[in-house]
Amino acid sequence: MSLDWKQWTALLAMGAMAACSGTQDADENNTGGDDGEEADLVRFDLDPYPSTYSPQTSETTFITGATIFDGAGNEIETGDILIENGRISAIGQGLEAPEGVVIVNAAGRFITPGVIDVHSHLGNYPSPQVDAHSDGNELTQPNTAEVWTEHSVWPQDPGFARALAGGVTTFHVLPGSGNLFGGRGITLRNVAGRTVQDMKFPDAPYTLKMACGENPSRVYGNRGTSPATDMGNMAGYRASWIRAADYRDSWNDHWDDPENNSAPTRDLELDTLMGVLEGEILIQMHCYRADQMAQVIDMSEEFGYQVTAFHHAVEAYKIPDLLAEAGVCAAVWADWGGFKMEAYDSIRENLALTHAGGVCAMIHSDNALGIQRLNQEAAKALSDGRRMGLEISDAEAVAWFTSNPARALGIGDETGSIEAGMRADIVIWSAHPFSTYAQADNVYIDGALMYDRANGVQPVSDFELGQIGEGDD
Amino acid sequence: MKPIITLLAAGAALTSAAAAQDLAILNGRVITNTDQGQITSGGVLIRDGVIVSVGANIVVPVGVETIDADGGWITPGIFAPFSQLGLVEISQEDSTNDASASDSEFSVALDVADSFNPNGTYIATTRIEGVTRFAVMPSTGSTLFAGLGALGNASGDRDSLFDTQSFVFADLSQSGASSAGGSRSAAWAYLEAAFGDARAYPGRYASGQGDALSRYDAAALVDVVRGRVPLILEVDRATDIRRAIRFAAENAPVRLVIFGAAEAWMVADELAAARIPVLMDPMRNLPDSFDALGSTLEAAARLDASGVTVAYTTQTANGYFNARLLPQHAGNAVANGVSWGAAFRAITLTPAEIYGVGDQYGALAAGYMADVVVWDGDPLEVMSAPTHVIIDGEETEMSSRQTRLRDRYADMDDTTPFAYRD
């Protein structure tokens, strides 16, 4: 019998809990093996830096009278939302406010789910951009799957608060793109915390950043080492997947038959790659060109894993059919390009064309300014798509910065849409979110009012405290 | 300043008279940037590339071609006061990037007109978003002086630079301090010495060398020292801006313009009193360096309220690919407290005035050159776009390499091989 990843996860988790002096009952995680066999098994903890996030105190809140884009593709005129215990408990028209709850009159205003950015470097390339803060890219060898970017996130980045003022409630921080395998990414709640653990989205899957194209071949080619070319990039990925498959097989042999198969030596790099092969760690891959994305899709089939999303997919519009068939999402800018040869064919209709081609498409920022206005970026892409004749509703386009990135991060059952049972991550906008003039008035995370423009409720990082910029947006 | 229009007067006048259309644009909301204000429904009449009348009831001579604005907005063309249009095709490919020259022996004398390529693909992608005029600005290389800038139009025509050696750009921010040797003190010493060299040009060089500049660079700085063209200084920190204000006072008649200006709002009263204009990006709000701890979305409104002359840039995007985003940047200034009219002037008339061409560009009024854009809605709304772009009275193509790529890949069901499609 071969253990799958779920069982493995359970075994490892049980091992970790055993180390906690039995403070929790591990029985529910027992896979049923007998005690003698268990004693021989080598286990390790898959979650050694666990989330300590806990929502701020929230009140039962009834938001009434707004135009609601629910993130799931629907628009509700004059709609109401009831938030209880930090979750959406009801959404619809003509709801009754329960007695004694906080009532927010949002008549004439607009509501979307909290904005989600699938590609950010807040925290690992924080402001100010001083030498000591260049923590995003471990440019020491082309495969650094062993690094975890959460270990680089500075919780005092003033960019978090700026993003909150732009409605961002969740964002995904990735390592940089100079390596073939950049390391693990991390999904964070946009809440000020003393530690990054205080910001970690509970139970969000880990991700692995990979990168196509010019960046890795430039970085290592300039050093006279591989990869120096696109073909070197592909060879580098493939060699790593072969090692990862061996590593996985060695663990499975051990778990299958510990008496005859000793455990392999722990390897942080291969732990991560094995997690990808087992479907537990999501691939987020920087890839601009259509032809390179197509080759990566073939490679994922060669080694039996799924690419979750291509990021910066400037040429996604050339291959929506391939992306849709492979079930790979595309995260793109509205109108960036020209900075590299592989970004030369950027067009403003990329997002709309890719969406219209049946792909799970979304906007992303990759930038501490852009993250503050993902609604405007989506608006530009939407208007350009409509101008060429594509029929896309406002409500569909809201998914580009809400439910689609949630899906690509594996948290779509928790946030990204306003439906009963979901986390109450909500933005009340002063005007239609596709207007340049719209501002996020109120931002709720897990039902707690974390940003209130009119009343000056906003976080101030330690860095800005006592500085000139304290309290300014 | 070398005004090409004047230099080529005879030939240019003949060519443009032959090519420019008589044109009437009707049935739109007209933004004039003059005392006429907004005209709810009106039009513009153009003759020989020049605006002859603007109003609610334009009399259109028989036979003149008309454009129906269809209830949209009729505005002056956008004037981007900061760009690297025509200098950069792919920024990370050095062979296509002429914005700076860090290995050159020269600095002030580097003239962007010698690098500018009107066939650069971003001229068209920028034009179809409503930008009709732009400053071409060099970036710093070996010293804090970047070189000589120029002014261009977005027609893509061979002679689309309409003014050259129009200003000198220099960096006195932390990066300028770094290139000068490592401190603000070094940067200001270098700038003062360079001014001394230019003031003493050519005499000083007959018998020896300059304190900072070679003979050739000193010659290029003379027009700045004499106040004939502006000196654009990149400075962010409030205290550095005050140093720049003092420099301007001590070096009259120099015409100073502050670029960057993250903390300019903190010394807005002094900038206003000294009548020093500012080029700034209203979307810049991160403390991205210790020079810019005061960055805020409120900066544009605070400067405006203090009476500082402000034009907007796309500094936080870039100047080659996305100078076209200027209306979005202005719209965000409105969202953060600037009046619509002031924000729109900050991307049209005010930049033209800062560059000394505000009597020709940036407004819709009789006698102004006919740079006119018709929009399908409020130009500062991100969902609006131009439907017609007129430069010097001529309607321009509304296509670009990017729209061609779009059209080639628009239909996935077409069986024509992609390379055989238009």
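Taken in sequence, the protein lines are chains A and B.
Each residue of the first sequence is one higher than the one before, counting from 1 in this note's numbering.
Each residue of the second sequence is one higher than the one before, counting from 1 in this note's numbering.
A virtual CB, placed ideally from N, CA and C, is assigned to each residue, including glycine.
- Contiguous beta strand (DSSP E) elements confined to the segment 42-117 of chain A occur at 61-69, 75-84, 87-93, 102-105 and 110-113, taking only those with 3 or more residues.
- Listed in chain order, the positions of the segment 427-455 of chain A with a beta carbon within less than 8 Å of a beta carbon of chain B are Phe434, Ser435, Thr436, Tyr437, Ala438 and Gln439.
- The segment 346-375 of chain A is shown to contain whole alpha helix (DSSP H) runs of 4 or more residues at 350-356, in chain order.
- Methionine 450 of chain A sits in a strand when the DSSP states are folded into three classes.
- Assignment of leucine 270 of chain A by DSSP, reduced to helix, strand and coil, places it in the helix class.
- Taking 8 Å as the CB threshold, glutamine 129 of chain A lines the interface with chain B.
- With respect to threonine 144 of chain A, valine 102 of chain A sits apart: the two C-beta atoms are not nearer than 8 Å.
- Taking all protein chains in view, the Cβ of glycine 385 of chain A is crowded by 16 or more other Cβ atoms within 10 Å, so the residue is classified as buried.
- Assigned with DSSP and collapsed to three states, lysine 209 of chain A falls in strand.
- Under the Cβ criterion of 8 Å, methionine 362 of chain A is not counted among the residues facing chain B.
- Comparing alpha-carbon positions, the option among B:Leu325, B:Gly141 and B:Asp114 lying closest to serine 102 of chain B turns out to be B:Gly141.
- In this chain, the alpha helix (DSSP H) harbouring serine 250 of chain A covers 230-256.
- Under the three-state reduction of DSSP, proline 320 of chain A is assigned to helix.
- Cβ contact annotation for arginine 184 of chain A (same chain, cutoff 8 Å, sequence separation greater than five): Ala145, Val147, Trp148, Thr149, Glu150, Pro175, Tyr206, Thr207, Leu208, Lys209, Thr272 and Ile281, in chain order.
- Looking at the DSSP output, leucine 282 of chain A bridges to A:Thr207.
- Flagged as an interface residue toward chain A: methionine 412 of chain B, by a C-beta distance shorter than 8 Å.
- According to the DSSP assignment, histidine 329 of chain B belongs to no beta strand (DSSP E) but to the alpha helix (DSSP H) extending over 326-335.
- For proline 205 of chain A, no CB of chain B lies under 8 Å from its own CB, so it is not counted at the interface with that chain.
- A contact is defined here as three or more CB-CB pairs under 8 Å, and the segment 78-95 of chain A fails this definition with respect to the segment 317-337 of chain A.
- Here DSSP, grouped into helix, strand and coil, assigns leucine 382 of chain A to helix.
- Within the segment 156-170 of chain A, the residues whose Cβ lies closer than 8 Å to some Cβ of chain B are Pro158, Gly159 and Arg162, listed in chain order.
- For glycine 43 of chain B, the enclosing beta strand (DSSP E) has its first and last residue at 38-47.
- By the 16-neighbour rule on beta-carbons within 10 angstroms, arginine 162 of chain A is buried.
- Taking 8 Å as the upper bound for CB-CB distance, tyrosine 49 of chain A and glutamine 292 of chain A are not in contact here, some 33 Å apart.
- Taking a C-beta distance under 8 Å as the contact criterion, serine 461 of chain A and alanine 192 of chain A qualify as a contact pair.
- Between aspartate 236 of chain B and alanine 299 of chain B, the C-beta gap is not smaller than 8 Å, which leaves the two residues out of contact.
- Contacts with chain A at 8 Å (Cβ-Cβ) include isoleucine 90 of chain B.
- Residues of the segment 381-402 of chain B that bring their beta carbon within less than 7 Å of a beta carbon in chain A comprise Glu381, Val382, Met383, Ala385 and Gln402, in sequence order.
- Taking CB atoms only, valine 334 of chain B has a neighbour in chain A less than 8 Å away.
- Residues of chain A with a Cβ closer than 7 Å to the Cβ of serine 295 of chain B are, in chain order, Gly469.
- Residue pairing by DSSP places aspartate 111 of chain B opposite B:Leu148 in a beta bridge.
- Burial check for glutamine 93 of chain A: the Cβ neighbour count within 10 Å stays below 16, so the residue is exposed.
- Chain-ordered, the chain B residues with CB closer than 8 Å to the CB of alanine 379 of chain A read Val382 and Met383.
- Between aspartate 35 of chain B and the set B:Gly55, B:Ala24 and B:Ile25, the nearest pair of CA atoms involves B:Gly55.
- Taking CB atoms only, glutamine 458 of chain A has no neighbour in chain B less than 8 Å away.
- When the five nearest sequence neighbours on each side are left out, the beta carbons in the same chain lying within less than 6 Å of the beta carbon of alanine 261 of chain B are those of Val278 and Met280, in order along the chain.
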